[in-house]
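Colleague: Using numbering that gives the first Met the number 0, the first residue of the sequence shown is number 0, and each one after it goes up by one. We put the CB at the ideal spot given by N, CA and C, even for glycine. Got a structure here, written out as structure tokens. Questions coming.
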Amino acid sequence: MSLDKKQYLEPLRELSRLDNRLQQVRRELAAIPEQMEASGGDYLALQSALQGKETRLGEAEKEKKKLEGEVKELGEEVQTREKRLYAIKTQKEYQATLKEIAKIKQENKQREDRILALMEEAENISKETTQLKSEIADKEGGYRKIEGELKTKEEALTKEKTELEGRRPQILEALPPAMLKQYDQAKQRFGNPIAGVKKGICLGCNMNIPPQVYNEMLKHADLRHCPNCHRLIYVELETTIQENRI
Ligand SMILES: [Zn+2]
0 MSLDKKQYLE PLRELSRLDN RLQQVRRELA AIPEQMEASG GDYLALQSAL
50 QGKETRLGEA EKEKKKLEGE VKELGEEVQT REKRLYAIKT QKEYQATLKE
100 IAKIKQENKQ REDRILALME EAENISKETT QLKSEIADKE GGYRKIEGEL
150 KTKEEALTKE KTELEGRRPQ ILEALPPAML KQYDQAKQRF GNPIAGVKKG
200 ICLGCNMNIP PQVYNEMLKH ADLRHCPNCH RLIYVELETT IQENRI
């Protein structure tokens with residue numbers, strides 16, 4: 000491949016810079032959720048614990064309400080049967096009704112015990128949630144600050160990523176497909192797939208370029224690829240006095 004250096008070198012370098020930056024931006028963006036979680040560590044764990052407690056409290060309240068309804072119903076049932084006792088004629092029926100009443104009362108006792116246990120649990124949970132809320136309040140300021148910083152960083156990186164991705168096709172248009180193919184191949188292996196050649200040596204891999212190739216490159220000032228590392232290479236002119244002044 001022999002391609003004009005003047006025309007393609009700058010777009011290639013720009014493409015390489017852009018791709019490197021894009022890669023970095025994507026990597027940094029991908030790391031943000033993890034950083035967010037790491038910086039939130041304690042705070043998020045406390046939040047999650049609080050949520051768990053509040054869910055349990057809700058369940059306990061619901062169970063208690065249901066049991067209270069049942070206790071009321073069964074209490075009425077007992078009253079009805081107790082009233083009925085006066086009208087009973089036979090001893091057998093009387094005993095049977097007493098037995099039923101005792102059974103219902105026993106069932107109600109179990110419900111009342113459960114209600115007491117739930118009330119105790121709710122009280123304990125309330126104490127724990129108060130404690131958790133106070134710990135969360137202590138840590139919240141620090142976490143929100145870091146969270147805000149990370150979000151700002153994320154927004155800036157996303158914006159930059161969109162810009163870079165938007166600019167890339169414009170640079171690609173300026174380069175021939177054969178050169179792009181070579182660029183992509185070298186890019187897969189190296190951060191910078193373009194290297195200068197000085198005194199016959201590829202500055203990418205520090206190996207000698209075959210003299211014939213080097214001579215042709217000097218003559219035509221074109222872009223080739225290094226036979227050793229396959230980077231795109233160009234001849235770097237010896238520093239002139241004029242360049243030194245700049
Ligand atoms: Zn090389």
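Relative to the C-alpha of Leu236, which candidate in Leu149, Ala194, Ala29 and Ile87 has its C-alpha closest?
Modeller: As a working mapping, residue 236 is identified with position 237 in the sequence shown. Selected option, being the one with the closest Cα: Ala194.
Colleague: With 16 as the cutoff for other CB atoms within 10 Å, does Gly40 come out buried or exposed?
Modeller: Locating residue 40 in the sequence shown gives position 41, counting from the first residue. With fewer than 16 other Cβ atoms within 10 Å, it is exposed.
Colleague: His219: beta carbon under 8 Å from a heavy atom of ligand 1?
Modeller: Your numbering for residue 219 matches position 220 in the sequence shown. The answer is no for His219.
Colleague: Around the C-beta of Ala185, are 16 or more other C-beta atoms found within 10 angstroms, so that it is buried, or is it exposed?
Modeller: As a position in the sequence shown, residue 185 is number 186, starting the count at 1. Counting Cβ neighbours within 10 Å, Ala185 comes out buried, since at least 16 surround it.
Colleague: Counting only the same chain and skipping the five closest in sequence on each side, list residues whose C-beta sits under 6 Å from that of Ile31.
Modeller: Indexing the sequence shown from 1 puts residue 31 at position 32. Counting only Cβ-Cβ distances below 6 Å, and skipping sequence neighbours, we find Leu149 and Glu153.
Colleague: According to DSSP, is Asn107 helix, strand or coil?
Modeller: The sequence position of residue 107 within the sequence shown is 108, counting from 1. Residue state, collapsed to three classes: helix.
Colleague: At a cut-off of 8 Å, would you count Arg26 as near ligand 1, judging by its Cβ distance to the nearest heavy atom?
Modeller: Within the sequence shown, residue 26 is the residue found at index 27, counting from 1. No.
Colleague: Just to confirm, are Gln187 and His224 a CB contact at a threshold of 9 Å?
Modeller: For the purposes of this step, residue 187 is identified with residue 188 of the sequence shown, where counting begins at 1. For the purposes of this step, residue 224 is identified with residue 225 of the sequence shown, where counting begins at 1. Taking 9 Å as the Cβ cut-off, Gln187 and His224 do not qualify as a contacting pair.
Colleague: Who does Cys201 pair with in a DSSP beta bridge?
Modeller: Within the sequence shown, the letter at position 202 stands for residue 201. Note: Cys201 sits in a beta bridge opposite Val196.
Colleague: Considering only residues of the same chain and omitting the five flanking positions on each side of Lys104, which have a CB-CB separation below 7 Å?
Modeller: For the purposes of this step, residue 104 is taken as residue 105 along the sequence shown, with counting starting at 1. Within the same chain, Val77 come within 7 Å of Lys104 by CB-CB distance, once the 5 residues on both sides are set aside.
Colleague: What are the residues that DSSP puts in a beta bridge with Ile145?
Modeller: By 1-based counting over the sequence shown, the position of residue 145 is 146. Bridge partners of Ile145: none, in fact.
Colleague: Quick check: the Cα distance between Lys126 and Leu115, rounded to an integer number of angstroms?
Modeller: Locating residue 126 in the sequence shown gives position 127, where the first residue counts as 1. Locating residue 115 in the sequence shown gives position 116, where the first residue counts as 1. Going by the C-alpha atoms only, they are around 17 Å apart.
Colleague: Please find out if some non-hydrogen atom of ligand 1 comes closer than 8 Å to the beta-carbon of Ile232.
Modeller: Start at 1 with the first residue of the sequence shown, and residue 232 comes out as number 233. Because some heavy atom of ligand 1 lies under 8 Å away, the Cβ of Ile232 counts as near it: yes.
Colleague: Using the rule of at least 16 other Cβ atoms within 10 Å of the residue's Cβ for burial, across every protein chain shown, is Lys63 buried or exposed?
Modeller: Here residue 63 is taken as the residue at index 64 of the sequence shown, counted from 1. Answer is buried; the Cβ neighbour count reaches 16.
Colleague: Terminal residues of the continuous alpha helix (DSSP H) containing Tyr213?
Modeller: In the sequence shown, the residue the question calls residue 213 occupies position 214. For Tyr213, the enclosing alpha helix (DSSP H) has its first and last residue at Pro210 to His219.
Colleague: Rounded to whole angstroms, what is the Cα-Cα separation between Asn243 and Tyr233?
Modeller: Looking up residue 243 in the sequence shown gives position 244. Looking up residue 233 in the sequence shown gives position 234. Interpretation of Asn243 is limited by its pLDDT of 41, a score under 50 that renders its predicted location unreliable; the figure taken from the coordinates is listed afterwards. If you take the alpha carbons of Asn243 and Tyr233, they lie about 20 Å apart.
Colleague: From Ile145 to Ser38, what distance separates their C-alpha atoms?
Modeller: In the sequence shown, counting from the first residue as 1, residue 145 sits at position 146. In the sequence shown, counting from the first residue as 1, residue 38 sits at position 39. So the alpha carbons of these two residues sit roughly 7 Å apart.
Colleague: Should Asn19 be counted as a contact of ligand 1 given a C-beta to heavy atom distance under 8 Å?
Modeller: For the purposes of this step, residue 19 is taken as the residue at position 20 of the sequence shown. Because no heavy atom of ligand 1 lies under 8 Å away, the Cβ of Asn19 does not count as near it: no.
Colleague: Check Tyr233 in the structure and name its three-state DSSP category.
Modeller: Start at 1 with the first residue of the sequence shown, and residue 233 comes out as number 234. Looking at Tyr233 - three-state DSSP - the assignment turns out to be strand.
Colleague: With distance defined between alpha-carbon atoms, name the residue in Gln22, Glu67, Ser133 and Lys108 nearest to Tyr42.
Modeller: For this step, residue 42 is matched to residue 43 along the sequence shown. Ranking Gln22, Glu67, Ser133 and Lys108 by Cα distance to Tyr42 puts Ser133 first.
Colleague: Does the beta carbon of Asn191 fall short of 8 Å from some heavy atom of ligand 1?
Modeller: Walking along the sequence shown from the start, residue 191 turns up at place 192. For ligand 1, not one heavy atom lies less than 8 Å from the Cβ of Asn191.
Colleague: Could you compute how far the alpha carbon of Glu215 sits from the alpha carbon of Leu163?
Modeller: As a first step, residue 215 is located in the sequence shown; it is residue number 216 there, counting from the start. As a first step, residue 163 is located in the sequence shown; it is residue number 164 there, counting from the start. Put simply, the backbone Cα of Glu215 is about 36 Å away from that of Leu163.
Colleague: Leu28 and Thr157 look like a contact to me (Cβ under 8 Å); what is the Cβ gap, rounded to whole Å?
Modeller: Here residue 28 corresponds to residue number 29 of the sequence shown, with the count starting at 1. Here residue 157 corresponds to residue number 158 of the sequence shown, with the count starting at 1. Contact between Leu28 and Thr157 holds: CB atoms are separated by about 7 Å, below the 8 Å threshold.
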